[in-house]
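Numbering (the working numbering), first residue to last: 87 to 190.
Cβ coordinates follow ideal geometry from the N, Cα and C atoms, glycine included.
Just below is one structure, and these are the notes that go with it.
And the structure:
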């Protein structure tokens, strides 16, 4: 399948993330996140959503897998630093004190 056909799958994944994020947003409006861990994980979700939207755009704007592969490498930094690092640091900043007995 050409890259534009794959864009439909990425768009469905992004839509699922938005649907799953709707209750999170409602809860954040009633009780705003206060800890670094909560803000970090929320930022990671936003980085992932933005990266998936960008990936959809890349796949829709090309007809060749070779060109798509070259453009997808532009998403390495946002995914690594934005999504993975944010979620990892946020989760560890909550879990490490809990495991060591200091509480969150």
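| Query | Result |
| --- | --- |
| Residue range of the unbroken alpha helix (DSSP H) whose run includes residue 144 | 122-146 |
| Residue 172 classed as buried or exposed, judged by whether at least 16 other C-beta atoms fall within 10 angstroms | buried |
| Three-way DSSP call (helix, strand, coil) for residue 168 in this model | helix |
| N- and C-terminal bounds of the alpha helix (DSSP H) containing residue 87 | Run containing residue 87: none; DSSP gives neither H nor E here. |
| 8 angstroms Cβ shell around residue 100 - same chain, five flanking residues per side excluded | 135, 138, 139 and 142 |
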